[in-house]
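The structure appears below as structure tokens.
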Amino acid sequence: MTAMIDISNAEKTFTMHLQGGVELPVVRGVSFHVAPGECVVLSGPSGAGKSSILKMIFGNYRCDGGRIGIRHRGVVIDLATAEPRQVLSVRRSTIGYVSQFLRAVPRVATIDVVAEPLIANGSARAEARDRAGALLRRLNIPERLWALPPSTFSGGEQQRVNIARGFISDLPILLLDEPTASLDAANRAVVVELVEEKKRQGVAMVAIVHDDEIRHLIADRIVDVTSFAAAA
Amino acid sequence: MAEHVSAANDDQPLLVADSLGKTYGRLTACRDVSFALYPGEVLAVVGESGSGKSTLLQLLSAQLAPSAGRVSYRMRDGVLRDLAALGEAERRFLFRTDWGFVHQDPAQGLRMAVSAGANVGERLMAVGWNHYGRIRDTASSWLERVEIDTDRIDDAPRTYSGGMRQRLQIARNLVTEPRLVFMDEPTGGLDVSVQARLLDLMRNLVSELGLAAIVVTHDLAVARLLSHRVMVMKGGRVIETGLTDQVLDDPREPYTQLLVSSILPA
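First to last, the protein sequences are chains A and B.
Just so we're aligned, residue 7 is where the first sequence starts under this note's numbering, counting upward by one.
Just so we're aligned, residue 86 is where the second sequence starts under this note's numbering, counting upward by one.
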């Protein structure tokens, strides 16, 4: 089976110019692959570079070396060297990213925050809103909140809005950064279900999950990030 | 790399800047700027006052002649033309229909003493519309789109608040369905609460209409919300460029790191 994500020898170093040019190596020799329908969980202590690897796969952090191969519309694109326009195209139709925190535009209603990725991909507004509503309902966000912007919501509610926004698309790759961190047991179970459904649809996923129980439930394979530690 | 193909590269750039520069005597306002802007793409130009970003915007929109290099634009017939070589009629066509220009100060982009409806309708008349009823209906639907109460259609913008004026300026610019909009600090003179509303509105309009835009701003939050790509300018040069979230979350150049780290957390 052809991998959806194929990373080899990727590396990342931050150069802090405001601190006298201090070099902060983050990861080195990052190599793993993810097949369709598989969920790979990155493990390792805080600061080991798990989130950085996720951000490199999304093209949010630039890669200083190596290769990040992404299967995008039937061809492989190396995100480590891709043009901005290619990265945008990959994000539009291939990779979704559920970040740890919701960064929403002020004033936009929750239902529209969730529906936006579908609309951006050409779905009709009404249909996108229907699917957004269904997902919000599953994640136990009461309907009376849908018309409000999520900025006033609690941390757990915001995270569920963020999850709904991430899971609504039919993208073949999904990156999950601590999707269950501030959720109660019932909502954690919903996220586990959503991940299962994505697997059945053949979606390739990379996740960061600190909760052991959730990790066992969703991980098909665990990649230990400490082996990619860049010696300072 | 054995395989590398991009499906997204087959369309053609709308505007191409090639080694663009402007000097005033011994003073260099802007030098060696090259990039290509594609249809539907929003590019933010960020940098502090005096970095050359406003000069660049004027060069790109043919309001200023470059001292070096050139700007080419793909006309509606699909041909890429050097702006400096356009005739006056072609240039006027661009300004009236194919381009929009949103000024920081709405008074510069509006006629303050004539009605809001006439401000929007004027652009339509310039492209040959002559049916009063249709012009008024279109103006009215655009006022609604930018969230201005249509009861105010006959009032002059000098009676409007700052935020309303800016939204009216946007309506006036977009009514002719331009393909490219230049914006110079579009939220610059507004209260923070009004800024958020305007940004949200601009963001929706740009994506619904598939507009390409070049937005000059010193506000990185504006760049993050509106743009796909960003160019950081300093001392008249482009010092860093890339995807907006990449440049803002993983800045490489010392100056960009300084800009990003200088934002006060809200």
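We put the CB at the ideal spot given by N, CA and C, even for glycine.
As the structure is a computational prediction, the values presented were derived from the model and not from experiment.
For this session: Below 7 Å CB to CB, which residues in the same chain sit around A/G50 once its five sequence neighbours on both sides are set aside?
Result: Here residue 50 of chain A corresponds to residue number 44 of the first sequence, with the count starting at 1. Taken in chain order, the residues that qualify are K56, D230, V231, T232.
For this session: Identify whether A/V212 lies in helix, strand or coil by the three-state DSSP scheme.
Result: Against the first sequence, residue 212 of chain A aligns to sequence position 206. Strand, per DSSP.
For this session: Look at B/Q189 and B/P242 and say whether their C-beta atoms are less than 8 Å apart.
Result: Working through the second sequence from its first residue, we reach residue 189 of chain B at position 104. Working through the second sequence from its first residue, we reach residue 242 of chain B at position 157. No, Cβ-Cβ distance for B/Q189 and B/P242 is not below 8 Å.
Problem set entry | For A/R144 and B/G132, the rounded distance between their alpha carbons | In the second sequence, the residue the question calls residue 132 of chain B occupies position 47. In the first sequence, the residue the question calls residue 144 of chain A occupies position 138. Straight-line Cα distance between these residues: approximately 44 Å.
Exercise. Nearest-angstrom Cα distance between B/S136 and A/D226?
Worked result: For the purposes of this step, residue 136 of chain B is taken as residue 51 along the second sequence, with counting starting at 1. For the purposes of this step, residue 226 of chain A is taken as residue 220 along the first sequence, with counting starting at 1. Roughly 51 Å separates the two Cα atoms.
Problem set entry | Length of the line joining the Cα atoms of B/G398 and B/L311 | Any answer about residue 398 of chain B is impossible in this case: the structure gives chain B only from 86 up to 351.
Problem set entry | Presumed contact (8 Å Cβ cut-off) between A/R135 and A/I117, rounded CB distance | Looking up residue 135 of chain A in the first sequence gives position 129. Looking up residue 117 of chain A in the first sequence gives position 111. Indeed, because the Cβ distance is near 6 Å, the residues count as touching under 8 Å.
For this session: Taking only the alpha-carbon atoms, compute the straight-line gap between A/D218 and A/S52 and give it to the nearest angstrom.
Result: Taking the first sequence and counting its residues from 1, one reaches residue 218 of chain A at position 212. Taking the first sequence and counting its residues from 1, one reaches residue 52 of chain A at position 46. Each residue's alpha carbon lies about 15 Å from the other.
Problem set entry | Distance CB(A/F20)-CB(A/V36) smaller than 8 Å | As a working note, residue 20 of chain A is residue 14 in the first sequence. As a working note, residue 36 of chain A is residue 30 in the first sequence. Not a contact, by the Cβ cut-off of 8 Å.
Problem set entry | Contact list for the region 253 to 281 of chain B against chain A, Cβ threshold 7 Å | A281
Exercise. With 8 Å set as the bound, which would you pick, yes or no: does the beta-carbon of A/G65 sit closer than that to a beta-carbon of chain B?
Worked result: Along the first sequence, one-based indexing puts residue 65 of chain A at 59. The beta carbon of A/G65 sits closer than 8 Å to some beta carbon of chain B.
Problem set entry | Distance, A/Q92 Cα to B/N94 Cα | In the second sequence, the residue the question calls residue 94 of chain B occupies position 9. In the first sequence, the residue the question calls residue 92 of chain A occupies position 86. At B/N94, the pLDDT of 39 sits below 50, so the modelled position is not reliable; the number obtained from the coordinates is stated separately. So the alpha carbons of these two residues sit roughly 8 Å apart.
For this session: Pick helix, strand or coil for A/A236, following the three-state DSSP scheme.
Result: On the first sequence, position 230 is the one that residue 236 of chain A refers to. It is coil, neither helix nor strand.
Problem set entry | Run of the beta strand (DSSP E) containing A/A16, from where it starts to where it stops | Looking up residue 16 of chain A in the first sequence gives position 10. It spans 11 to 22 - the beta strand (DSSP E) in which A/A16 sits, taken as one unbroken run.
Exercise. Can you pull the DSSP bridge partners for B/D103?
Worked result: For the purposes of this step, residue 103 of chain B is taken as residue 18 along the second sequence, with counting starting at 1. Answer is B/R155.
Exercise. Ordered along the chain, which non-local residues of its own chain (more than five positions away) have a Cβ less than 6 Å from that of A/I179?
Worked result: Here residue 179 of chain A refers to the residue found at position 173 of the first sequence. So the list reads M10, T100, I101, A210, once near-sequence residues are dropped.
Exercise. In angstroms, rounded to a whole number, what distance separates the CA positions of B/L328 and B/D334?
Worked result: Taking the first residue of the second sequence as position 1, residue 328 of chain B is located at position 243. Taking the first residue of the second sequence as position 1, residue 334 of chain B is located at position 249. Approximately 10 Å, taken between the alpha carbons.
Exercise. Distance, Cα to Cα, B/I238 vs B/N204?
Worked result: Taking the second sequence and counting its residues from 1, the one referred to as residue 238 of chain B is at position 153. Taking the second sequence and counting its residues from 1, the one referred to as residue 204 of chain B is at position 119. Rounded to the nearest angstrom, the two C-alpha atoms are 10 Å apart.
Exercise. In three-state terms, what does DSSP make of B/R337?
Worked result: On the second sequence, position 252 is the one that residue 337 of chain B refers to. B/R337 falls in the coil class under three-state DSSP.
For this session: Report the three-state DSSP secondary structure of B/W227 (helix, strand or coil).
Result: By 1-based counting over the second sequence, the position of residue 227 of chain B is 142. The answer is helix: DSSP assigns B/W227 an H, G or I state.
For this session: Spell out the partners DSSP gives A/H78 in its beta bridges.
Result: Position 72 of the first sequence holds residue 78 of chain A. A/H78 is bridged to A/V81.
Exercise. Which parts of the region 189 to 261 of chain B are runs of the beta strand (DSSP E), unbroken and 3 residues or longer, counting only runs that do not cross its ends?
Worked result: none
Exercise. If we cut at 8 Å on Cβ distances, does B/R314 have a partner in chain A?
Worked result: Working through the second sequence from its first residue, we reach residue 314 of chain B at position 229. So, interface residue.
Problem set entry | C-alpha distance - B/T261 paired with B/Q251, whole-angstrom precision | As a first step, residue 261 of chain B is located in the second sequence; it is residue number 176 there, counting from the start. As a first step, residue 251 of chain B is located in the second sequence; it is residue number 166 there, counting from the start. Using only the alpha carbons, I get a separation of about 17 Å.
Problem set entry | Backbone secondary structure at B/S91 - three-state DSSP | For this step, residue 91 of chain B is matched to residue 6 along the second sequence. Here B/S91 scores only 38 on pLDDT, less than 50, and its place in the model is too uncertain to base an answer on.
Exercise. At a CB-CB cut-off below 7 Å, which residues of chain A make contact with B/Y362?
Worked result: What is shown of chain B runs 86 to 351, which leaves residue 362 of chain B out entirely.
Exercise. Under a three-way DSSP split, which group does B/A298 fall into?
Worked result: In the second sequence, the residue the question calls residue 298 of chain B occupies position 213. Reduced to three states, the DSSP call for B/A298 is strand.
Exercise. Going by other Cβ atoms of all chains shown within 10 Å of its Cβ, with 16 needed for buried, is A/F107 buried or exposed?
Worked result: Position 101 of the first sequence, counted from the start, is the residue given in the question as residue 107 of chain A. By the 10 Å Cβ count, A/F107 comes out exposed.
For this session: Count the other C-beta atoms from every protein chain shown that fall within 10 angstroms of the C-beta of B/A102, then say buried if there are 16 or more, exposed otherwise.
Result: For the purposes of this step, residue 102 of chain B is taken as residue 17 along the second sequence, with counting starting at 1. Buried, because 16 or more other Cβ atoms sit within 10 Å of the Cβ of B/A102.
For this session: Measure from the C-beta of A/H23 to each C-beta in chain B and report whether the shortest distance is under 8 Å.
Result: Working through the first sequence from its first residue, we reach residue 23 of chain A at position 17. Interface residue, yes.
Problem set entry | Option nearest B/S104 by Cα separation, candidates B/V130, B/L141, B/N215, B/R314 | On the second sequence, position 19 is the one that residue 104 of chain B refers to. Measuring C-alpha to C-alpha distances from B/S104 to each of B/V130, B/L141, B/N215, B/R314 identifies B/L141 as the nearest.
Exercise. Can a CB atom of chain B be found closer than 8 Å to the CB of A/A130?
Worked result: One-based indexing of the first sequence puts residue 130 of chain A at position 124. A/A130 does not count as touching chain B.
Exercise. If you draw a straight line from the C-alpha of A/L30 to the C-alpha of A/M22, how long is it?
Worked result: In the first sequence, the residue the question calls residue 30 of chain A occupies position 24. In the first sequence, the residue the question calls residue 22 of chain A occupies position 16. Distance between the alpha carbons of A/L30 and A/M22 is about 7 Å.
Problem set entry | Three-state secondary structure (DSSP) of A/E202 | Position 196 of the first sequence, counting from 1, holds the residue named residue 202 of chain A. DSSP places A/E202 in helix when its eight states are reduced to three.
Exercise. Any beta-carbon of chain B closer than 8 Å to the one on A/P112?
Worked result: Here residue 112 of chain A refers to the residue found at position 106 when the first sequence is read from its first residue. Answer yes: the Cβ-Cβ gap between A/P112 and chain B drops below 8 Å somewhere.
Exercise. Cα-Cα, which of A/K205, A/L177, A/S175, A/V212 is closest to A/P185?
Worked result: For the purposes of this step, residue 185 of chain A is taken as residue 179 along the first sequence, with counting starting at 1. Closest by alpha carbon: A/V212.
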